[in-house]
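Below is one structure, written out as structure tokens; the observations come after it.
4 protein chains.
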Amino acid sequence: MRVGVLTGGGDCPGLNAVMRAVVRKGVGRYGYDFTGFRDGWRGLLEGETVRLDVAAVRGMLPRGGTLLGSSRTNPFSQDDGVRRIRENLAKYEVDALIAIGGEDTLGVAARLTDEYGVRCVGVPKTIDNDLSATDYTFGFNTAVTVATEAIDRLHTTAESHMRVLVVEVMGRHAGWIALHSGLAGGANCILIPEQRFDVDEVCSWVTSRFRASYAPIVVVAEGAMPKGGEMVLKDGSTDSFGHVRLSGVGEWLAKEIESRTGKEARTTVLGHVQRGGTPTAYDRWLATRFGLHAIDAVRDEDWGSMVALRGTDIVRVPLSQATEKLKTVAPELYEEAGVFFG
Amino acid sequence: MRVGVLTGGGDCPGLNAVMRAVVRKGVGRYGYDFTGFRDGWRGLLEGETVRLDVAAVRGMLPRGGTLLGSSRTNPFSQDDGVRRIRENLAKYEVDALIAIGGEDTLGVAARLTDEYGVRCVGVPKTIDNDLSATDYTFGFNTAVTVATEAIDRLHTTAESHMRVLVVEVMGRHAGWIALHSGLAGGANCILIPEQRFDVDEVCSWVTSRFRASYAPIVVVAEGAMPKGGEMVLKDGSTDSFGHVRLSGVGEWLAKEIESRTGKEARTTVLGHVQRGGTPTAYDRWLATRFGLHAIDAVRDEDWGSMVALRGTDIVRVPLSQATEKLKTVAPELYEEAGVFFG
Amino acid sequence: MRVGVLTGGGDCPGLNAVMRAVVRKGVGRYGYDFTGFRDGWRGLLEGETVRLDVAAVRGMLPRGGTLLGSSRTNPFSQDDGVRRIRENLAKYEVDALIAIGGEDTLGVAARLTDEYGVRCVGVPKTIDNDLSATDYTFGFNTAVTVATEAIDRLHTTAESHMRVLVVEVMGRHAGWIALHSGLAGGANCILIPEQRFDVDEVCSWVTSRFRASYAPIVVVAEGAMPKGGEMVLKDGSTDSFGHVRLSGVGEWLAKEIESRTGKEARTTVLGHVQRGGTPTAYDRWLATRFGLHAIDAVRDEDWGSMVALRGTDIVRVPLSQATEKLKTVAPELYEEAGVFFG
Amino acid sequence: MRVGVLTGGGDCPGLNAVMRAVVRKGVGRYGYDFTGFRDGWRGLLEGETVRLDVAAVRGMLPRGGTLLGSSRTNPFSQDDGVRRIRENLAKYEVDALIAIGGEDTLGVAARLTDEYGVRCVGVPKTIDNDLSATDYTFGFNTAVTVATEAIDRLHTTAESHMRVLVVEVMGRHAGWIALHSGLAGGANCILIPEQRFDVDEVCSWVTSRFRASYAPIVVVAEGAMPKGGEMVLKDGSTDSFGHVRLSGVGEWLAKEIESRTGKEARTTVLGHVQRGGTPTAYDRWLATRFGLHAIDAVRDEDWGSMVALRGTDIVRVPLSQATEKLKTVAPELYEEAGVFFG
């Protein structure tokens, strides 16, 4: 049995840990061979491969990024994509495929399995933790940890100078990173994409915090939006993935707070720092277990399945479930955090 | 409503975060007052209190240890323990009690509720993660993170000098810290209390690792024991909690490996470094949510309940469940990790 | 003897460590008493004091910020500033003053000593490390460490996605943080205020890095400026200290790189994360030694002196030297780092 | 010009950073070629080489350990050592040699240059910081940082349980790591090899600390010895370098404190964790500059020289100076730290 492996979408700490586990167990227990495809579906479409054996994954457990590279290439947006994939699977004698990625990557894997009989197993990956099929995804804990450490450091500055500090964290459609890091860092207010925020309410929290002789820290997800009327945030340009680039809710909010409260406000934009570097112990554990169970799904010929975390167990769910529903922050969970606002 | 709070047993990162959440929500949402008792049940027995209001918990989210102090005093081992507890609850006008602790502390709370009608709510705490009623306990992730960082650092030394490095981590009766940190750190073998280890097998893993031109790192839980015949580890003394002190399975194992394989072996004993200091983001989140839900249980007059994590939800379980069963590493989970041994 | 202490200017990890050392040695060895003035010279002008004894400094060694608060109030910009200072020194029976601060704060101390006979001793503080009188200042190592950790994390993202990552670090007039963190983080190019940069050269480094199949990381000090023609960076507003706010050389440069090379570029602006939080071991050591020697200078009645680091020794220099000359990155030191550009 | 490079002695964070700088500048600026010798002088004696070019050093800046491996082989303890070295230098067409190591390694380089005309340049390396020719050596700051982080974590446990915590750190002959980490971590007493300690005095510090309602942390260098009478520490065995293995001053002292004060005491032995893993930003900077200046010394044909740090400058000193004198903690520096004892 030769198993192909590819990683798609944005990078995420733990991708290499997944592959190391897949290869170590696949080679050591089941005697499989592996072929890596470079840059997600692109490598499979264009027949670009990467050696993937025990030596290749040595030392990769603590390494961020992905040794295979990544892209957002979608084979279904190309006329002969499926045909080329089938040809290359045959050419490289690849019997089954493990696709590690987010909604898009796994959506392709689901269609390839369901409609074209390609034998795929999926491993979910999203730094934003917004897949409903799994309790957590690897990378998320690392992002939260990085953001929390930054918030920890900002507290002393906020207090020494009695300034408002706004921290913009990742999260376009779901506020998980903002919610977890904001709670863990002791933020005085957390703004998430799921609920439009009221700038006046934010300012009243800021003001009440100052009255208690402490300085406020506002954590805002990059996708959070104010109530009523649009921010002028879009700069019109699109990034390489075709997304309109939103920039600067943090910067925008800092200026609003300054002008409405008369208090100085500064912004920190953590950006890609949140998604790079070595995974936390938690993410290495989760990624490793995902890998061990993904190769078991291959052995069980459980095509079209995806590994997922439920409580402390790794289970399998249909790949189609992975892309069904965005997991967003429930109102009652956000309300729970509201205890600490102001 | 006045709520008493106490922390018992060994310390654990996150205790202060629990109390901060309890107080912030209790004061802000429900208008409760709080009284802290110093050093666990001792403070309640002896009427020693600590001020516990919003000011007292300010800045405590990232602080390790417990602002109330802790002890292992057990009121049931004293003739008039229950009487004195009732007297002091009356004296300090405390209507309900939140007990934060492990098996012993929660066992007392369960009996006080069930047999004497004291209105208790419990919050589970064990750095070893060995309570079956909850998926995880706070403090555990911090311990695993500290141990993993140490293992990360040892890799380069192990490889530069081709030495065996033995890392002894916490875990007297359960191997969770060893298992998680060993997997996350890329250990070449993990030894846990749940399964007696075979020194010859450990030596064969060590030797095969050297043959692959890499140096082995052995993670051993302090409670792990070799097969057949006892180690001479017990030094006969007992600690202040009456436990016979086991010391040095790490040191003992390093010497055995040296003498059997002819390879140099060194030991690192992390000790209390694993249970002190600031909690990780994960533990702050878990501890905070435990606190928020514990005060809700008080409001709901759900006496005799304990908060617990199930998946991503905080639920309530009977306090009696907390102490029923030690949660140990299941054989199949240990077997899963065995892929990486050798 | 009663000694007054104040901290002025921007905050800096290690301020509390200085004060702890001053008080511990002053009380323990010399039997002095201490009075803290709140928010730098403002507290002395307005007679606002803070208790400063052994209990007040307990636990402050690892804490960022300053327990006294800080401001940029300058007594010489007020008509009766000197008179009020003298009155308050008399009123609070303060015999000598330890002023901890940067150019501005120490400049005031120098004039007060030289022109008005106020008995001052200075401790230098600048996160930017730009004081020529001392090899290093505390806080700088912490800032470099925080920036380096961020750069470390960005490497994997840069490589996985083959993007340019621009990191904007502190340094308005001197490029020390950029130089040290850029070298320690393995940046592919470092831009400092001391030398105007050529955007085309930066782009050629970026391009050559991509040709070697690696992705570039560009570290830019906030005060760095391009050659020829001004950036449109100034937003016209001024901050509370009267500085015109420059914003966004990082963001500006990322856009230039994108448009000139066709490669995606993203920016991380670390901001105040660099100057907050717990000091590194190095900064705690340096701050502690500065404090121990500052109180010795008081005992020696060495008024008008400032402590400074020379090699591994703490020495005393005239306060006036502190403000004489900005210590900038020498061309040959920058040239040394140039080996790694591109 | 072909330059040979080797690393000898115990490992130390920063060795790879030195070599990366040597190679990047040597290739990029001077057009040199490089040959690595495996495991210090052993590789040169036995003709075992390692490829050392720009690709080989890529990504090595943040990596602990040494890509060349290390050993303590001494060519002068072999009959034909010098002859074999000369033969191998000729065989591999190596014109000059950069030796990175401690006293032993540099002592060999000094003799080879002075007595046999081998063209050597040295880079000093000692985690213990005990070379008198340089202000600091790389690796030392990393060790101090690791030890300080451990002490930080121990504070909360010490206080929550009112136990004595003893931390044993590296330092056989010099107490630099103990002194710096003890000061930075806020230890209540620091014991170094340079001055025999009085157990009764240590116990009186411990007791007085408890009286102030705080728990003591004792930092002890592995080479520290009590006054009067020997500890029974030596276990009689010798390690691979012929040193008699001292073990357990920390464990020994904890037991003494327990029996004399009646207070529980626990020990943490950090061991090799202190010398492994990624170098701090400071050590990467120092190691990189050492490397850049070492290759300049080769270009200048300054044979028999060694690079050293003086203040903020990298200078050259004769290799012979490196081994002349052990740099130990001066009594007045230790006395300075004594302010914080008890």
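Protein chains in written order, with the UniProt record's numbering: chain A, 1 to 342; chain B, 1 to 342; chain C, 1 to 342; chain D, 1 to 342. The beta carbon of each residue, even a glycine, is placed where N, CA and C say it ideally should be. Since the structure is predicted, the reported quantities are computational estimates derived from the model, not experimental observations.
Pro331(D) (DSSP reduced to helix, strand or coil): Residue mapping note: residue 331(D) aligns to position 331 of the fourth sequence, counting from 1. Correct three-state label for Pro331(D): helix.
Distance between beta carbons of Gly342(D) and Arg209(D), contact taken as under 8 Å: Within the fourth sequence, numbered from 1, the residue matching residue 209(D) stands at position 209. Within the fourth sequence, numbered from 1, the residue matching residue 342(D) stands at position 342. So it is a contact: roughly 6 Å between Cβ atoms.
C-beta neighbour in chain D for His243(B), strict 8 Å: In the second sequence, the residue the question calls residue 243(B) occupies position 243. Because the pLDDT at His243(B) is just 40, under 50, the model does not fix this residue reliably, and the point stays unresolved.
Reduced DSSP secondary structure (H/G/I, E/B, other) of Cys203(D): Stepping through the fourth sequence from its first residue, residue 203(D) is reached at position 203. In the structure shown, Cys203(D) sits in a helix (DSSP, three-state: H, G or I).
Distance between Gly102(B) and Ser132(B) (C-alpha atoms, nearest Å): Sequence index remark: in the second sequence, residue 132(B) carries index 132 (1-based). Sequence index remark: in the second sequence, residue 102(B) carries index 102 (1-based). Their Cα atoms are separated by approximately 12 Å.
Distance, Val315(C) Cα to Asp307(C) Cα: The sequence position of residue 307(C) within the third sequence is 307, counting from 1. The sequence position of residue 315(C) within the third sequence is 315, counting from 1. Before going further, note that residue 307(C) is Val rather than Asp in the sequence given. Between Val307(C) and Val315(C), the C-alpha separation is close to 6 Å.
Min CB distance Ala17(C) to chain A below 8 Å: Within the third sequence, numbered from 1, the residue matching residue 17(C) stands at position 17. Nearest CB-CB separation between Ala17(C) and chain A: not below the 8 Å threshold.
CA nearest to the CA of Trp252(C), picked from Gly276(C), Asn88(C), Glu222(C): By one-based count along the third sequence, residue 252(C) stands at place 252. Selected option, being the one with the closest Cα: Glu222(C).
Listed by chain order, chain B residues near Asn141(A) by CB distance under 7 Å: If you number the first sequence from 1, residue 141(A) lands on position 141. The contacting residues are Tyr282.
Where Val220(C) falls: helix, strand or coil (DSSP): Mapped onto the third sequence, residue 220(C) falls at position 220. In this structure, Val220(C) counts as strand in the three-state DSSP scheme.
Residue environment, Arg83(B), which counts as buried when at least 16 other CB atoms sit within 10 Å: Position 83 of the second sequence, counted from the start, is the residue given in the question as residue 83(B). Result: exposed.
Within 7 Å of chain C by C-beta, residues of the segment 147-160 of chain D in sequence order: Thr148, Asp152
Interface partners of residue 354(C) on chain A, CB under 7 Å: Lying before the first or after the last residue shown, residue 354(C) is absent from chain C, which here runs from 1 to 342.
Spatial distance of residue 425(D) from Ile98(D) (CA atoms): Because chain D in this structure spans residues 1 to 342, residue 425(D) falls outside the shown range and cannot be described.
Rounded Cβ spacing between Thr157(A) and Asp11(C) (contact assumed at less than 8 Å): Taking the first residue of the first sequence as 1, we reach residue 157(A) at position 157. Taking the first residue of the third sequence as 1, we reach residue 11(C) at position 11. Confirmed, about 6 Å.
Residue-chain proximity (Trp252(C), chain D), Cβ-Cβ < 8 Å: One-based indexing of the third sequence puts residue 252(C) at position 252. It does not: the Cβ of Trp252(C) has no partner Cβ on chain D nearer than 8 Å.
Alpha carbon of Gly107(D) to alpha carbon of Ser160(B), nearest angstrom: Taking the first residue of the fourth sequence as 1, we reach residue 107(D) at position 107. Taking the first residue of the second sequence as 1, we reach residue 160(B) at position 160. Going from the Cα of Gly107(D) to the Cα of Ser160(B) covers about 21 Å.
Euclidean distance between Cα positions of Thr288(D) and Pro124(D): Sequence index remark: in the fourth sequence, residue 288(D) carries index 288 (1-based). Sequence index remark: in the fourth sequence, residue 124(D) carries index 124 (1-based). Rounded to whole angstroms, Thr288(D) to Pro124(D) spans 13 Å at the Cα level.
Under 8 Å (Cβ pairs) to chain D, residues found in the segment 118-139 of chain C: Asp135, Tyr136
Cutoff 8 Å: Leu292(A) Cβ touching any chain B Cβ: On the first sequence, residue 292(A) is found 292 positions in, with the first residue counted as 1. Closer than 8 Å to some Cβ of chain B, the Cβ of Leu292(A) qualifies, so yes.
Cβ separation of Thr312(D) and Asp80(C), assumed to be a contact under 8 Å, to the nearest whole Å: Against the fourth sequence, residue 312(D) aligns to sequence position 312. Against the third sequence, residue 80(C) aligns to sequence position 80. That pair is no contact at about 42 Å.
Own chain partners of Thr126(B) with C-beta closer than 6 Å, once the 5 adjacent residues on each side are dropped: For the purposes of this step, residue 126(B) is taken as residue 126 along the second sequence, with counting starting at 1. Excluding positions up to five away in sequence, the list reads Gly102, Thr137.
Residue span of the alpha helix (DSSP H) that contains Ala21(B), given as start and end: In the second sequence, counting from the first residue as 1, residue 21(B) sits at position 21. Annotation: the continuous alpha helix (DSSP H) that includes Ala21(B) extends over 15-30.
Unbroken alpha helix (DSSP H) run spanning Arg86(C), endpoints: As a position in the third sequence, residue 86(C) is number 86, starting the count at 1. Element bounds for Arg86(C): 81-91.
Residues that Glu168(C) bridges to, as DSSP identifies them: Within the third sequence, numbered from 1, the residue matching residue 168(C) stands at position 168. Val220(C), Val269(C).
The segment 110-122 of chain D / the segment 138-149 of chain D touching (three or more Cβ pairs under 8 Å): Touching, no.
Boundaries (first-last residue) of the alpha helix (DSSP H) holding Phe290(A): Taking the first sequence and counting its residues from 1, the one referred to as residue 290(A) is at position 290. Taken as a continuous stretch (DSSP letters only), the alpha helix (DSSP H) holding Phe290(A) covers 281-299.
Counterpart residues of Ile100(A) in DSSP-defined beta bridges: Mapped onto the first sequence, residue 100(A) falls at position 100. In DSSP, Ile100(A) forms a bridge with Thr7(A), Val123(A).
Integer Cβ distance of Gly122(B) from Leu319(B), believed to fall under 8 Å: The count along the second sequence starts at 1 and reaches residue 122(B) at position 122. The count along the second sequence starts at 1 and reaches residue 319(B) at position 319. About 5 Å; that satisfies the 8 Å criterion.
Reduced DSSP category for Arg72(D) - H, G, I as helix; E, B as strand; rest coil: Translated into the one-based positions of the fourth sequence, residue 72(D) becomes position 72. In this structure, Arg72(D) counts as coil in the three-state DSSP scheme.
Through-space distance from Tyr214(A) to Gly36(C), alpha-carbon basis: Counting from 1 along the third sequence, the entry for residue 36(C) is found at position 36. Counting from 1 along the first sequence, the entry for residue 214(A) is found at position 214. The alpha-carbon atoms of Gly36(C) and Tyr214(A) are separated by roughly 19 Å.
Bridge-paired residues (DSSP) for Leu34(D): As a position in the fourth sequence, residue 34(D) is number 34, starting the count at 1. The identity of residue 34(D) in the sequence shown is Phe, whereas the question assumes Leu. Val3(D).
Nonlocal neighbours in the same chain, by C-beta distance under 6 Å from Val199(B), ignoring five residues either side: As a position in the second sequence, residue 199(B) is number 199, starting the count at 1. So the list reads Pro226, Glu256, once near-sequence residues are dropped.
Closer than 7 Å at the beta carbon, the chain B residues around Arg275(D): One-based indexing of the fourth sequence puts residue 275(D) at position 275. Simply Thr157.
CB contact below 8 Å: Pro216(A) versus chain B: If you number the first sequence from 1, residue 216(A) lands on position 216. So no, Pro216(A) is outside the interface.
Option nearest Leu6(D) by Cα separation, candidates Tyr30(D), Gln78(D), Val94(D): Along the fourth sequence, read from residue 1 onward, the residue named residue 6(D) stands at position 6. Checked all of Tyr30(D), Gln78(D), Val94(D); the closest Cα to Leu6(D) is Val94(D).
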